[in-house]
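With the first letter of the sequence shown counted as 1, position 445 gets the number 445 in the UniProt record's numbering; the numbers rise by one all the way through. Built from N, CA and C at the ideal position, the CB exists for glycine as well. Structure first, commentary second.
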Amino acid sequence: MKNIRKSIVVCGMAALMLAGQGCKDVLDEKIISGVGTDYLNTPKGFEDGVKAAYSSLRFYYATQQGLTMSEFGTDIYATGADGGYKGFHFYDGQLNPTVDYLATTWDELYKGINTCNAVIERAPNVTGVADNIKKLRVAEAKFLRGHYYYILHQQYGGVDLYFNETLTPTKETKRATDAEMYTAIIKDLSEAVTDLEAKAQSSDYGRATKPHAQALLAKVYLAKGYSNEKAADDFTKAADLLKEVSTKYGYKMLDDFSAVFDENNQNHSEVVFAVQYTTDALTNGTGNSLHLYFGMQYDVQPGMKRDTYWGRPFKRLRPTEYLINTIFADRVNDSRYKKTFRDTWISNNPGTYNAASFDDSKTKVTFASGDTTIFIPGYEMTKEERAKKPYQVLVPSKYSEALFPTLQKFFDSKRPDMTYEPGSRDYYVVRLADVYLMLAEALLQSGDKAGAAEALNVVRYRAGWPGKKDKMLIAAKDLTMETIIEERARELAGEQTRWLDLKRWGLLVERVKKYNPQASAIQAYHALRPIPQTQIDRSAKTADGKSVFPQNPGY
Numbered sequence: 001m002k003n004i005r006k007s008i009v010v011c012g013m014a015a016l017m018l019a020g021q022g023c024k025d026v027l028d029e030k031i032i033s034g035v036g037t038d039y040l041n042t043p044k045g046f047e048d049g050v051k052a053a054y055s056s057l058r059f060y061y062a063t064q065q066g067l068t069m070s071e072f073g074t075d076i077y078a079t080g081a082d083g084g085y086k087g088f089h090f091y092d093g094q095l096n097p098t099v100d101y102l103a104t105t106w107d108e109l110y111k112g113i114n115t116c117n118a119v120i121e122r123a124p125n126v127t128g129v130a131d132n133i134k135k136l137r138v139a140e141a142k143f144l145r146g147h148y149y150y151i152l153h154q155q156y157g158g159v160d161l162y163f164n165e166t167l168t169p170t171k172e173t174k175r176a177t178d179a180e181m182y183t184a185i186i187k188d189l190s191e192a193v194t195d196l197e198a199k200a201q202s203s204d205y206g207r208a209t210k211p212h213a214q215a216l217l218a219k220v221y222l223a224k225g226y227s228n229e230k231a232a233d234d235f236t237k238a239a240d241l242l243k244e245v246s247t248k249y250g251y252k253m254l255d256d257f258s259a260v261f262d263e264n265n266q267n268h269s270e271v272v273f274a275v276q277y278t279t280d281a282l283t284n285g286t287g288n289s290l291h292l293y294f295g296m297q298y299d300v301q302p303g304m305k306r307d308t309y310w311g312r313p314f315k316r317l318r319p320t321e322y323l324i325n326t327i328f329a330d331r332v333n334d335s336r337y338k339k340t341f342r343d344t345w346i347s348n349n350p351g352t353y354n355a356a357s358f359d360d361s362k363t364k365v366t367f368a369s370g371d372t373t374i375f376i377p378g379y380e381m382t383k384e385e386r387a388k389k390p391y392q393v394l395v396p397s398k399y400s401e402a403l404f405p406t407l408q409k410f411f412d413s414k415r416p417d418m419t420y421e422p423g424s425r426d427y428y429v430v431r432l433a434d435v436y437l438m439l440a441e442a443l444l445q446s447g448d449k450a451g452a453a454e455a456l457n458v459v460r461y462r463a464g465w466p467g468k469k470d471k472m473l474i475a476a477k478d479l480t481m482e483t484i485i486e487e488r489a490r491e492l493a494g495e496q497t498r499w500l501d502l503k504r505w506g507l508l509v510e511r512v513k514k515y516n517p518q519a520s521a522i523q524a525y526h527a528l529r530p531i532p533q534t535q536i537d538r539s540a541k542t543a544d545g546k547s548v549f550p551q552n553p554g555y
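What follows is the structure in structure tokens.
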């Protein structure tokens with residue numbers, strides 16, 4: 001939240017002190033802080049505690065950690081040339097319980113949970129805060145706690161459910177069942193729905209409101225509806241919640257898909273829930289870093305050099321052939337290929353160069369400032385056609401782990417210089433298009449194909465080129481689950497949804513094997529991540545010396 005970030009920072013040490021799952025061995029932890037535990041019992045401390053509870057969202061969303069665990073190794077994204085953590089792409093021995101991202105994500109989410117526990121547990125005894133405000137803040141904490149447990153459950157399976165503030169180290173842990181996880185998460189989010197403000201956004205922008213909790217609760221019901229814990233009404237409950245979010249609060253789809261990601265207009269009518277970042281280096285932490293990971297290696301090409309506008313090409317992810325050739329096959333009616341991927345680079349390093357890098361149709365290129373230097377047509381342009389162009393043309397046969405169509409949703413030109421990594425763009429955890437797509441899914445699974453088509457067509461109609469929008473509409477008779485699976489990839493590519501989508505559908509292994517040859521080692525057990533070895537080691541031991549907190553099968 002732009003106007004409460006400073007309180008998050010002030011309360012940061014308090015949040016750490018309240019955390020029951022630290023980054024080091026829990027028995028060796030020594031927390032030194034100038035903020036005492038009684039601070040949370042004061043009106044100011046109570047408010048700051050609630051604000052601090054939001055901070056763990058910034059660890060998972062719009063960071064390399066969260067991106068690694070939500071987009072790597074799917075049917076639509078494979079590995080780029082750079083970076084580590086490729087076990088998440090390959091599903092090989094590199095994905096093991098000692099990987100630090102597994103432990104740091106686990107620890108950070110539990111810090112958030114324990115801060116929420118402290119707020120909820122202490123609220124009745126805090127004086128100087130009106131009861132209606134306390135009720136609202138507790139509802140925010142329950143939304144956040146449910147949110148953190150949802151992420152943990154989807155990533156790791158059953159975890160240790162804590163609902164009381166942890167103030168001292170403990171080795172007493174146990175794994176909850178899937179049924180217990182769903183019960184706890186649904187209870188938290190349902191109570192949040194009841195007590196949060198019934199408005200699109202809080203006047204203190206960034207705080208949770210009722211539709212935020214409804215959208216997340218609907219996502220939980222969708223996941224449950226495909227699981228072994230499914231109930232007959234899970235999809236119906238999800239649909240009812242999503243109908244309300246899409247109709248009751250004034251959210252509105254923008255007319256142009258590319259406008260959704262306009263860095264100069266981040267608080268718009270399609271944003272349901274966002275995690276806020278800022279240009280203030282003091283309070284921005286590591287910032288929104290998604291601008292770093294989807295770029296190709298433009299900066300060594302003739303006529304180009306790295307700068308702030310074109311970005312730092314860390315090359316962590318590249319689109320699979322399935323994403324490019326199947327998901328985005330329609331480029332005549334659908335504008336989203338053009339608006340999702342950067343296909344043109346303009347010279348910022350003019351001069352004459354003796355040889356092109358990847359385009360064998362020319363041996364010399366000359367660029368003035370502002371000339372096109374690279375163009376990606378998206379099809380196999382012939383050598384003769386390419387020779388007529390004064391710039392390099394990157395055709396699909398020349399795509400590689402370093403050269404590929406570049407996702408442009410997250411570029412951040414407002415960084416102070418080209419080496420600066422923390423971005424300031426807000427991250428959309430839920431936007432209205434996602435709500436409509438989830439609604440279409442819930443209605444289809446509930447047997448309402450007409451309603452599902454209507455919801456899906458809201459998204460598809462917006463995506464159509466002018467004059468082609470009616471051709472984007474799908475008839476109810478033609479709607480299948482495959483339609484929705486592909487539409488979510490088309491609309492939400494790169495937005496930290498795909499791994500979780502494939503997991504909830506039970507299609508992770510099947511689709512990754514089919515569409516991402518690089519990840520052919522994937523097996524059924526990879527639908528859960530390894531439990532961090534630190535968690536297993538910190539837990540109490542049985543009589544035969546084994547941890548009471550068991551590892552997931554396969555690791």
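Between the Cα of Y148 and the Cα atoms of Q445, R316 and T105, which residue gives the shortest distance? Along the sequence shown, one-based indexing puts residue 148 at 148. Nearest of Q445, R316 and T105 to Y148, Cα basis: T105.
Count the other CB atoms within 10 Å of the CB of T247; is the residue buried (16 or more) or exposed (fewer)? Locating residue 247 in the sequence shown gives position 247, where the first residue counts as 1. The residue in question, T247, is exposed, as its Cβ has fewer than 16 Cβ neighbours within 10 Å.
Is it buried or exposed for K219, if we count other Cβ within 10 angstroms and need 16 for buried? What you label residue 219 is simply residue 219 of the sequence shown in a count that begins at 1. Under this definition K219 is a buried residue.
Determine which residues share a DSSP beta bridge with Y353 and list them. Position 353 of the sequence shown, counted from the start, is the residue given in the question as residue 353. Its beta-bridge partners are V365.
Bounding residues of the beta strand (DSSP E) (the contiguous stretch that carries E319): Stepping through the sequence shown from its first residue, residue 319 is reached at position 319. The sequence given here places Pro at residue 319; Glu does not occur at that position. That run of the beta strand (DSSP E) goes L317 to P319.
Assess contact between the stretch 493 to 500 and the stretch 72 to 87, defined as three or more Cβ pairs (one per stretch) separated by less than 8 Å. Is contact present? Contact holds between the stretch 493 to 500 and the stretch 72 to 87, because three or more Cβ pairs, one in each stretch, are under 8 Å apart.
Let me make sure I understand the geometry here. Which of K315, K514, K210 and A176 has the alpha-carbon closest to that of D299? The residue you call residue 299 lines up with position 299 of the sequence shown. For D299, the nearest C-alpha among the options comes from K315.
Where F411 falls: helix, strand or coil (DSSP): Translated into the one-based positions of the sequence shown, residue 411 becomes position 411. F411: coil per DSSP, three-state reduction.
Alpha carbon to alpha carbon, how far is Q392 from G303? Residue 392 sits at position 392 when you count from the first residue of the sequence shown. Residue 303 sits at position 303 when you count from the first residue of the sequence shown. Whole-angstrom Cα-Cα distance: 10 Å.
If you draw a straight line from the C-alpha of N41 to the C-alpha of L432, how long is it? To locate residue 41, count along the sequence shown from 1; it is residue 41. To locate residue 432, count along the sequence shown from 1; it is residue 432. Cα to Cα, the separation comes out at about 38 Å.
So, is the C-beta of L196 closer than 9 Å to a C-beta in chain B? The displayed structure is made up of one protein chain only, and chain B is not part of it.
Check the DSSP bridge columns for D334 and list the partner residues they point to. Here residue 334 refers to the residue found at position 334 when the sequence shown is read from its first residue. Partner(s): G464.
How would you call G73, buried or exposed, if buried means at least 16 neighbouring beta carbons within 10 angstroms? Locating residue 73 in the sequence shown gives position 73, where the first residue counts as 1. Its Cβ being crowded by 16 or more others within 10 Å, G73 is buried.
Please work out which residues of its chain come closer than 7 Å, Cβ to Cβ, to Q201, disregarding the five sequence neighbours upstream and downstream, and give them in chain order. Position 201 of the sequence shown, counting from 1, holds the residue named residue 201. So the qualifying residues of the chain are T209.
Closest to A455 by C-alpha separation, out of R538, A440 and A463, would be which residue? The count along the sequence shown starts at 1 and reaches residue 455 at position 455. Taking the Cα of A455 as reference, the smallest distance to any Cα among R538, A440 and A463 is reached at A440.
Under three-state DSSP, which class holds W310? Along the sequence shown, read from residue 1 onward, the residue named residue 310 stands at position 310. DSSP places W310 in coil when its eight states are reduced to three.
Using 10 angstroms around the beta-carbon of K135, count the other beta-carbons present and answer buried if the total reaches 16, otherwise exposed. In the sequence shown, residue 135 corresponds to position 135, counting from 1. K135 comes out exposed.
Alpha helix (DSSP H) segment containing Y60, residue limits: For the purposes of this step, residue 60 is taken as the residue at position 60 of the sequence shown. It spans L57 to Y60 - the alpha helix (DSSP H) in which Y60 sits, taken as one unbroken run.
Suppose the cutoff is 8 Å on Cβ atoms and the five residues either side in sequence are ignored; what does the same chain contact list for A489 look like? Locating residue 489 in the sequence shown gives position 489, where the first residue counts as 1. For A489, where only same-chain residues beyond five positions count, the Cβ hits under 8 Å are D75, I76, L323, I327 and R498.
Would you mind stating whether R312 and L292 have Cβ atoms separated by less than 9 Å? Position 312 of the sequence shown, counted from the start, is the residue given in the question as residue 312. Position 292 of the sequence shown, counted from the start, is the residue given in the question as residue 292. Taking 9 Å as the Cβ cut-off, R312 and L292 qualify as a contacting pair.
At which residues does the alpha helix (DSSP H) containing Y515 begin and terminate? Reading the sequence shown from its first residue, position 515 is the one you call residue 515. Start and end: L508 to Y515.
Give a yes or no on contact between the stretch 397 to 411 and the stretch 170 to 189, applying the rule of three or more CB pairs nearer than 8 Å. no
Tell me which residue opens and which closes the alpha helix (DSSP H) that V138 is part of. Locating residue 138 in the sequence shown gives position 138, where the first residue counts as 1. Taken as a continuous stretch (DSSP letters only), the alpha helix (DSSP H) holding V138 covers D131 to Y156.
Just the C-alpha distance for Y525 and G554, rounded to the nearest angstrom, thanks. The residue you call residue 525 lines up with position 525 of the sequence shown. The residue you call residue 554 lines up with position 554 of the sequence shown. Taking the straight line joining both Cα atoms gives about 6 Å.
Take the Cβ of L282 as the centre, count every other Cβ of all protein chains shown within 10 Å, and call the residue buried at 16 or more, exposed below. Residue mapping note: residue 282 aligns to position 282 of the sequence shown, counting from 1. So L282 counts as exposed.
How would you label V365, buried or exposed, when you count the other beta carbons within 10 angstroms and need 16 or more for buried? Counting from 1 along the sequence shown, the entry for residue 365 is found at position 365. V365 comes out buried.
State the CB to CB distance for the pair F163 and A213, rounded to an integer number of angstroms; the pair is presumed to be in contact (CB under 8 Å). Numbered from its first residue, the sequence shown carries residue 163 at position 163. Numbered from its first residue, the sequence shown carries residue 213 at position 213. Between A213 and F163 the Cβ distance is about 18 Å, and since that is not below 8 Å, they are no contact.
Please state the DSSP three-state secondary structure of S424. Your numbering for residue 424 matches position 424 in the sequence shown. Here DSSP, grouped into helix, strand and coil, assigns S424 to coil.
Any chance you could list the beta strand (DSSP E) runs of at least 3 consecutive residues sitting entirely within the stretch 56 to 137, in chain order? 77 to 79
Going by beta carbon distance, what residues of the same chain come within less than 7 Å of E244, once the five residues before and after it are set aside? In the sequence shown, counting from the first residue as 1, residue 244 sits at position 244. Around E244: Q214.
Sequence-distant residues of its chain with Cβ nearer than 8 Å to D544 (five each side left out): Counting from one through the sequence shown, the residue named residue 544 turns up at place 544. No residues qualify anywhere along the chain.
Consult DSSP for K548 and reduce its assignment to one of helix, strand or coil. Start at 1 with the first residue of the sequence shown, and residue 548 comes out as number 548. Note that residue 548 is Val in the sequence shown here, rather than Lys. V548 falls in the coil class under three-state DSSP.
Quick one: residues in its chain with C-beta nearer than 7 Å to the C-beta of A519, no 5 flanking neighbours on either side, listed in chain order? Within the sequence shown, the letter at position 519 stands for residue 519. Closer than 7 Å at Cβ, skipping near neighbours: G73, H89, F90, Y91 and V512.
CB E140 to CB V260, shorter than 9 Å? Reading the sequence shown from its first residue, position 140 is the one you call residue 140. Reading the sequence shown from its first residue, position 260 is the one you call residue 260. Cβ atoms of E140 and V260: not closer than 9 Å.
Supposed close pair A453, I484 - CB separation, criterion 8 Å: As a working mapping, residue 453 is identified with position 453 in the sequence shown. As a working mapping, residue 484 is identified with position 484 in the sequence shown. With a Cβ gap of about 10 Å, A453 and I484 do not count as contacting.
Determine whether the beta carbon atoms of R342 and Q408 lie at a separation below 9 Å. Mapped onto the sequence shown, residue 342 falls at position 342. Mapped onto the sequence shown, residue 408 falls at position 408. Yes, they are a contact pair.
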